[in-house]
Amino acid sequence: MTATAYECLKVERHGPVGWLINDRPDQLNAMNARMRDELGLAWRELDDDPDVRVIVHTGEGRAFQTGVDVREIAEDGVGMERYRRSVEEFDLHFTAWHQQVWKPVITAVNGICAGGGFHWVADADIVIAAADAQFFDPHVSVGQVVSLEAIGLIRKMPAEAVMRMAFVGRHERMSAQRAYELGMVSEVVDPPDRLRERAQELAETIARNSPAAMAATKRALWGALEAGLTDACRAGARELVSLWGHPDQTEGPAAFAEKREPRWLPPTGGGGPGAAPA
1 MTATAYECLK
11 VERHGPVGWL
21 INDRPDQLNA
31 MNARMRDELG
41 LAWRELDDDP
51 DVRVIVHTGE
61 GRAFQTGVDV
71 REIAEDGVGM
81 ERYRRSVEEF
91 DLHFTAWHQQ
101 VWKPVITAVN
111 GICAGGGFHW
121 VADADIVIAA
131 ADAQFFDPHV
141 SVGQVVSLEA
151 IGLIRKMPAE
161 AVMRMAFVGR
171 HERMSAQRAY
181 ELGMVSEVVD
191 PPDRLRERAQ
201 ELAETIARNS
211 PAAMAATKRA
221 LWGALEAGLT
231 DACRAGAREL
241 VSLWGHPDQT
251 EGPAAFAEKR
261 EPRWLPPTGG
271 GGPGAAPA
C-alpha cells in the first residue's frame, strides 16, 4: 500500500514493514534540499504508524544514494551555505538516528552508495547490500571534508578501512563482498534483484518480536555507543527494568508455552529516552 505522496521519496507499507525509498533515480538519488526536508517527515511518519514494526530504507534505480546533489550546489547560487546552520548546530533530521526512530531500521543498499549516502549506512541498525553494490567516498575529490558519515562508520568497521575510503576518494570503489568482510554490511544478497525481497523477509522476521522490547533494546544498545562501559550498563539496566510488568512480558512466555505466535501490543512510535540527538 502506498502512503503519503512525496516528491523525492516513496513511503510504502507492506504488512508490518514500512518502506522508505529514495526516488530521484535520474540523479542517482542525490539529496537535494527538497529530499532533505522530506526525509525528516518520512521517518516520523513511519515511526508514528502503529502498524509499522520495522522500517526498510533503499533506493530506486541503479543507486542507493550518492550524497548531496552537487549540481544543485553548483548552480543555484546558494551552495553549501544552505546547510551551514544545521551542521554547525548539529541540528540534522534526515536519518533515523537524527529523528530518534526506535523501531528497527534496515538499510538495503542497491547499486552505488557514495559520500553522504554513508549517513544511512552508519545510522541504520542492520545493513544488507546487493551483490553488485559499490561503496566509495568522493568528498575530498570534490574539495569537501570527510567527517560525520565516516565518524559513524568507525564504530562499525576497522578505522583504517574508513581512512582509506576517506583519502582515496573517488579513485577506488569497495565491493559489497569487501564491505561484508569489513563489517560494514551483515549480508550480501545474490542475485541483486532479490534485494527488496530479502529485506522484506528479514524485516518480517524481526517484526515477529515484541515492539516494546525492541524499542527498549535499541535505546540501550545505541546508548552504549555514547557512554563508557559502566554508564552504558546502568542505562541499559534502566531500559531492561522499564519493560518489567509490560503485557508483552507475560504474552511472550504464554505464547511459547501454548506453541502459538505471540499477540504483541502495537508499537507506540517514537519518543522516550535515548542517546540520539534530536
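Residue numbers (our numbering): 1 to 278.
Note that beta-carbon positions come from the ideal geometry of N, C-alpha and C, so glycine has one too.
Annotated three-state conformation of Ser-175 is strand, per DSSP. Take the alpha-carbon of Glu-7 and the one of Ala-161: they are about 35 Å apart.
Under DSSP, Ala-114 shares a beta bridge with Phe-136. Taking a 10 Å sphere around the C-beta of Pro-247, we find fewer than 16 other C-beta atoms and assign the residue as exposed. If you draw a straight line from the Cα of Thr-250 to the Cα of Trp-264, it comes to about 10 Å. Taking a contact to require three or more Cβ pairs closer than 8 Å, the segment 228 to 237 and the segment 105 to 120 do not qualify as touching. Sequence-distant Cβ neighbours of Trp-19 in its own chain, meaning closer than 6 Å and more than five residues away, are Glu-12, Val-56. The three-state reading of DSSP puts His-57 in strand, counting E and B together. Of the candidates Glu-149, His-14, Glu-88, the residue whose Cα lies closest to the Cα of Ala-124 is Glu-149. Considered as a whole, the segment 195 to 220 harbours 195 to 206 as its complete alpha helix (DSSP H) runs of no fewer than 4 residues, in chain order. Exposure of Asp-193 is indicated by the presence of fewer than 16 other C-beta atoms within 10 angstroms of its C-beta. The continuous stretches of alpha helix (DSSP H) do not include Ile-128, which lies in the beta strand (DSSP E) extending over residues 126 to 130. Below 8 Å, too few C-beta pairs join the segment 137 to 155 and the segment 100 to 107 to call them touching: fewer than three.
Its chain contains Asp-91 as the residues whose beta carbon lies nearer than 8 Å to that of Arg-85, once the 5 sequence neighbours on both sides are disregarded; these appear in chain order. Two segments are said to touch when three or more pairs of C-beta atoms, one from each, lie closer than 8 Å; by this definition the segment 19 to 33 does not touch the segment 214 to 233.
For a cut-off of 8 Å, the C-beta gap from Phe-136 to Arg-170 is around 6 Å, short enough to register as a contact. Secondary structure at Arg-13: strand, using DSSP grouped into helix, strand and coil.
Per the C-alpha coordinates, the member of His-14, Met-165, Val-168, Leu-240 positioned closest to Ala-212 is Leu-240. As a beta-bridge residue in DSSP terms, Gly-18 pairs with Arg-13, Ile-55. Here DSSP, grouped into helix, strand and coil, assigns Ala-96 to coil.
For the pair Ile-21 and Thr-58, the CB atoms are nearer than the 7 Å cut-off. Residue Ala-5 holds the alpha-carbon nearest to the alpha-carbon of Leu-41 among Asp-26, Ala-5, Glu-75, Arg-260.
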